[in-house]
Amino acid sequence: MSDAKHAQLSSTDIVANCEKEQLHLSGQIQNFGALLVADSESMQIRYVSDNTNDILGIKAETLVGQSLSEQTWFDTALCSEVGRSEGARVCRFDHRIGSKKVNLRVLRGENTFVVEAEPVNLQGSNWSLSELRAILYPPTHTEWKAKDYWEKLLTAISSVLPFHRLLLYRFEDDWTGEVISEHARKDDVEYLGLKFPASDIPQIARKMYFENPSRLIDHVDQPPVDILGDSDTPPDLTWSDLRSVSPVHAQYLRNMGITTSFSIPVILSGNLWGIVSCHHPSHLHVDAQSRYQSEQLVKHFCSIYATFLSRQRLSLLSTIDDKINSITAQMSLLDGSGEALTLLLNETTVTCSGTFSAVVMNGSWTCSTGDADIPLLNKIDKYFRQDTSDYILSNTNIRLLQGLEAIDEGDVRGVMVIKLDHSRDNTRLYIFRRPEKQLVEWAGNPDKSKAQVSETGSLSPRQSFEKWTEVKGEASLPWSKSDFLFAKKARVGLMRFFNQIRSNHV
Ligand code: BLA
C-alpha cells in the first residue's frame, strides 16, 4: 500500500476507529441481488439499488416513488406474512417473474419493508433439511464429546455449501476468539487452535451478526452497487443480507486469501457464543436457499448443543457435590477440630490445583503448608477483605492489584477467595496458584499498535495470519468453571463447619 504510513496509535484509539464505522449506513449493496426499501404504511418505494434492471428487468429510476403493492412482479402477500418485529423476515424461493426465477425476501425494518431479490442458481443443495439434521445427532449408544458435535456441524454445513474451508470460531469473555474446529483441505493453512483478537470483529459488526441469521460476502473484489433514493439520507441496511462490505474487512479477507466468505452466528442462551465461518479462495456462488438451509442447521445445532452443555454441567455439579459431601463427612468425623480444617485445606488445594490453601479467622491463619509467609498473607487479605463485590473472588495475577505489585513469592500469584460474609473479621478461605508459562497461539501478531494506518487514519488489517506464539509467564492458569462451582459448594461446607464449631462451644 503506497500511501500507507506507519504510525503508532494506542490500541484503544485503533479499536475506537474500527468501532466508528456505521456499517448499516454504507448506502450501497453487494451485486448478488437487488434491493428495494418501501414505507410500510404508504407502501411507497423510497430506495432502489441501481441494478434492478439486471435482476428484475426494470430500471431503478422508474421504481423510486412507485407503490410496492402495484408491482406485478412482486408478491404482496409477503408483506402480510412477515412478522411484526423489526428484523423479521420471510422468503419465497423460486418466485417466477415471466421467464425468470428469483428468490425473494422481505424483511421488516423500522417503518419499512426491505425487499431483496436474487437470481436463482440451479445448483442448489440436493439434501433435505431432515437428512442434514440427522448428521448432528450421535448414533444410538454413542456418547459424543463437545468436539464431536462441532465437527459434525461443519460436516453437515459442508454438504450444503462446498466451501474450501469451514471453521467454528468461539468467543471468549473478552471477545477474543479461537478456532475450535476446522474442516479444510489437507494441503491448506491450518487455523485450528489459533486465536484472533476481539477487534477483528468490531462490536458494531458483532451486534449485526447476532441479530441477523447469516452474512454473505459474495466477492471481495466486486464493486458495490449504489442505491438511488428520494432523500440524501442512506437507508438503514441493518436487516439487509445484501449490505455492502466494509472496505477494511474486504482487505482483511484478501490478506487471508479469501474471495467469498459466509458466516453464521451460533447463539447459545441468548448470547453470541461463536460463528461458523466459511472461506473460499475463488468466487463461490452461494444460493439463498442453501444459505437458509445452513442457517436452519446451525439453529438446530444450537438447541442440541445447549442440551449437551446442560447435561455436562449437571454431571459436573454432581461430581462436585460428591466431592464436597465426602469432605464434609470426613470433617464431621473429626468433630470440628483443627484437623478437620487442615483436611478441608488439603482437599481444596488438590481439587483446585493450587500450591497451598489457607483460612483466616478473626486475624489468625491456618495453612495447608507449614512455611507460609503470614505478613504476606495479611497484606493480600487486606486487599480482598475490602472487596465486597462477591463472596467468591478470583485473580490470576495479584501483582496487577494496587499495593500488591511488589509481591515476589513464587507460590503466590493466582488467588481464589471464598468469603463466608463481608464482615472484616469473619472467615475467608484462600487458594493460591503459582505463575505458569502459557503459550497463546495467535493467527498473526495481534498487537494493533504495530498495525498500518493510512493517511485517512483508517486501519489496515494485518498482512499475515501465520501462527504467532505469545509466551505469557506472569499469571497463574485461569480459574475454571469447575473451580468456581467447587468454591461455591465449599463455601456452604465451610459454613456448616463453623456452625458446628460454634454449637460445640455453646
Ligand atoms: C467482520 N471479521 C468479520 C467477520 C468475521 C471476521 C468472521 C464477519 C464477516 C465475514 O463472514 O467475513 C473475522 N473471520 C474473522 C476471524 C476469523 C475469520 C477472526 O474467519 C477467524 C478464523 N477487522 C480487522 C480490523 C477491523 C476489522 C482491524 O481486522 C477494524 C478496523 C473490521 N471485521 C471488521 C468489520 C467487519 C468485520 C468492519 C464487518 C464486515 C461487514 O459485515 O461488512
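If you count by numbering that gives the first Met the number 0, then the sequence shown holds residues 0 to 505, one letter each, in order.
Yeah, the Cβ is synthetic: ideal placement off N, Cα and C, and Gly gets one too.
Q. Within this structure, are the beta carbons of residue 474 and residue 304 separated by less than 9 Å?
A. Residue mapping note: residue 474 aligns to position 475 of the sequence shown, counting from 1. Residue mapping note: residue 304 aligns to position 305 of the sequence shown, counting from 1. The answer is no: Cβ separation not under 9 Å.
- Task: Indicate whether residue 433 and residue 306 have their beta-carbon atoms separated by less than 9 Å.
- Result: To locate residue 433, count along the sequence shown from 1; it is residue 434. To locate residue 306, count along the sequence shown from 1; it is residue 307. No, these two residues do not count as a Cβ contact at 9 Å.
Is the segment 288–305 in contact with the segment 130–147, if contact means three or more CB pairs nearer than 8 Å?
-> The segment 288–305 is in contact with the segment 130–147.
Exercise. So does the segment 248–267 actually touch the segment 46–63, counting three or more Cβ pairs closer than 8 Å?
Worked result: no
Straight-line Cα distance separating residue 401 from residue 422: Looking up residue 422 in the sequence shown gives position 423. Looking up residue 401 in the sequence shown gives position 402. Spanning the alpha carbons of residue 422 and residue 401 requires a straight line of approximately 21 Å.
_Would you say the beta carbon of residue 20 is closer than 8 Å to some non-hydrogen atom of ligand 1?_
Within the sequence shown, numbered from 1, the residue matching residue 20 stands at position 21. Because some heavy atom of ligand 1 lies under 8 Å away, the Cβ of residue 20 counts as near it: yes.
* Going by DSSP, name the residue or residues bridged to residue 264. => Against the sequence shown, residue 264 aligns to sequence position 265. Note: residue 264 sits in a beta bridge opposite 274.
Q.
If I measure Cβ to Cβ from residue 0 and keep anything under 6 Å in the same chain, skipping five residues before and after, which residues do I get?
A. Translated into the one-based positions of the sequence shown, residue 0 becomes position 1. Confidence at residue 0 is low in this model, with a pLDDT of 34, below 50, so its placement is unreliable and the value that follows should be read with caution. Result list for residue 0: empty, nothing under 6 Å.
Helix, strand or coil for residue 357, going by three-state DSSP, please let me know. Position 358 of the sequence shown, counting from 1, holds the residue named residue 357. Strand, per DSSP.
task: Consider the C-beta atom of residue 461 and the heavy atoms of ligand 1; say whether any pair is separated by less than 8 Å.
output: In the sequence shown, the residue the question calls residue 461 occupies position 462. Within the cutoff, so yes.
### Message
In the DSSP assignment, the beta strand (DSSP E) including residue 258 goes from what residue to what residue?
### Response
Reading the sequence shown from its first residue, position 259 is the one you call residue 258. Boundaries cannot be given for residue 258, as no beta strand (DSSP E) includes it and DSSP labels it neither H nor E.
> Which residue comes first and which comes last in the alpha helix (DSSP H) that contains residue 149?
Replying inline: Here residue 149 corresponds to residue number 150 of the sequence shown, with the count starting at 1. Note, residue 149: alpha helix (DSSP H), 145–159.
message = I'd like to check one pair, residue 101 with residue 34: are the Cβ atoms closer than 9 Å?
response = Here residue 34 refers to the residue found at position 35 of the sequence shown. Here residue 101 refers to the residue found at position 102 of the sequence shown. No, Cβ-Cβ distance for residue 34 and residue 101 is not below 9 Å.
### Query
Just how far apart, CA to CA, sit residue 209 and residue 287?
Working through the sequence shown from its first residue, we reach residue 209 at position 210. Working through the sequence shown from its first residue, we reach residue 287 at position 288. Approximately 19 Å between the Cα atoms of the pair.
Exercise. So what's residue 165 in DSSP terms, helix, strand or just coil?
Worked result: As a position in the sequence shown, residue 165 is number 166, starting the count at 1. Three-state result, residue 165: strand.
Q: Would you kindly work out how many angstroms separate the C-alpha atoms of residue 264 and residue 342, rounded to a whole number?
A: Residue numbering aside, residue 264 sits at position 265 when the sequence shown is read from its first letter. Residue numbering aside, residue 342 sits at position 343 when the sequence shown is read from its first letter. Roughly 47 Å between the two C-alpha positions.
Could you name the residues of the same chain whose beta carbon sits closer than 7 Å to that of residue 272, not counting the 5 residues immediately before and after it, in chain order?
-> For the purposes of this step, residue 272 is identified with residue 273 of the sequence shown, where counting begins at 1. Hits under 7 Å: 169, 170, 265, 266.
*Scan the segment 56–100 and note each continuous beta strand (DSSP E) run of 3 residues or more that stays entirely inside, going in chain order.*
88–96
**Prompt:** Skipping 5 residues on each side, what residues in its chain have a beta carbon closer than 8 Å to that of residue 494?
**Reply:** As a working note, residue 494 is residue 495 in the sequence shown. Excluding residues up to 5 positions away in sequence, 419 lie with their Cβ nearer than 8 Å to the Cβ of residue 494 in the same chain.
In angstroms with no decimal places, state the Cα-to-Cα distance between residue 28 and residue 41.
-> For the purposes of this step, residue 28 is taken as residue 29 along the sequence shown, with counting starting at 1. For the purposes of this step, residue 41 is taken as residue 42 along the sequence shown, with counting starting at 1. Roughly 24 Å between the two C-alpha positions.
Would you say residue 352 and residue 499 are within 9 Å of each other, going by their C-beta atoms? As a working mapping, residue 352 is identified with position 353 in the sequence shown. As a working mapping, residue 499 is identified with position 500 in the sequence shown. No. Outside cutoff.
| query | Using CA coordinates, which residue listed in 78, 130, 497 is at the minimum distance from residue 292? | reply | Counting from 1 along the sequence shown, the entry for residue 292 is found at position 293. It is 130 whose Cα lies nearest to the Cα of residue 292.
* Helix, strand or coil for residue 363 per DSSP? -> Residue 363 sits at position 364 when you count from the first residue of the sequence shown. Looking at residue 363 - three-state DSSP - the assignment turns out to be strand.
### Query
For residue 183, which residues from the same chain have a beta carbon less than 6 Å from its beta carbon, with the 5 sequence-adjacent residues on both sides left out?
Taking the first residue of the sequence shown as position 1, residue 183 is located at position 184. Excluding positions up to five away in sequence, the list reads 164.
Look at the alpha carbon of residue 250 and the alpha carbon of residue 462, and state the distance between them as a whole number of angstroms.
For the purposes of this step, residue 250 is identified with residue 251 of the sequence shown, where counting begins at 1. For the purposes of this step, residue 462 is identified with residue 463 of the sequence shown, where counting begins at 1. Answer to the nearest angstrom: the Cα atoms are 9 Å apart.
For residue 318, which option in 481, 441, 290 has the closest C-alpha, if you only look at C-alpha atoms? Residue mapping note: residue 318 aligns to position 319 of the sequence shown, counting from 1. Checking every option, the nearest Cα to that of residue 318 belongs to 481.
| query | With respect to the beta strand (DSSP E) encompassing residue 317, which residues constitute its N-terminal and C-terminal limits? | reply | As a position in the sequence shown, residue 317 is number 318, starting the count at 1. Premise fails: residue 317 lies in the alpha helix (DSSP H), 287–332, not in any beta strand (DSSP E).
Going by beta-carbon coordinates alone, are residue 103 and residue 91 separated by less than 9 Å? If you number the sequence shown from 1, residue 103 lands on position 104. If you number the sequence shown from 1, residue 91 lands on position 92. Yes.
Mapping the DSSP letters down to three states, classify residue 185 as helix, strand or coil.
Working through the sequence shown from its first residue, we reach residue 185 at position 186. Residue state, collapsed to three classes: coil.
- For the alpha helix (DSSP H) holding residue 129, just list the boundary residues, first then last. Sequence index remark: in the sequence shown, residue 129 carries index 130 (1-based). Residue 129 -> alpha helix (DSSP H) spans 128–133.
Exercise. Out of 57, 384, 197, 30, which has the shortest C-alpha to C-alpha gap to residue 96?
Worked result: Translated into the one-based positions of the sequence shown, residue 96 becomes position 97. Measuring from the Cα of residue 96, the nearest candidate turns out to be 57.
Item to complete: Quick one: grab the DSSP three-state call for residue 104.
Response: Within the sequence shown, residue 104 is the residue found at index 105, counting from 1. Looking at residue 104 - three-state DSSP - the assignment turns out to be strand.
### Buried or exposed (CB count within 10 angstroms, at least 16 for buried), residue 76
To locate residue 76, count along the sequence shown from 1; it is residue 77. Flag for residue 76 reads exposed.
Exercise. Considering only the beta carbon of each residue, do residue 157 and residue 167 sit closer than 9 Å?
Worked result: On the sequence shown, position 158 is the one that residue 157 refers to. On the sequence shown, position 168 is the one that residue 167 refers to. No, they are not a contact pair.
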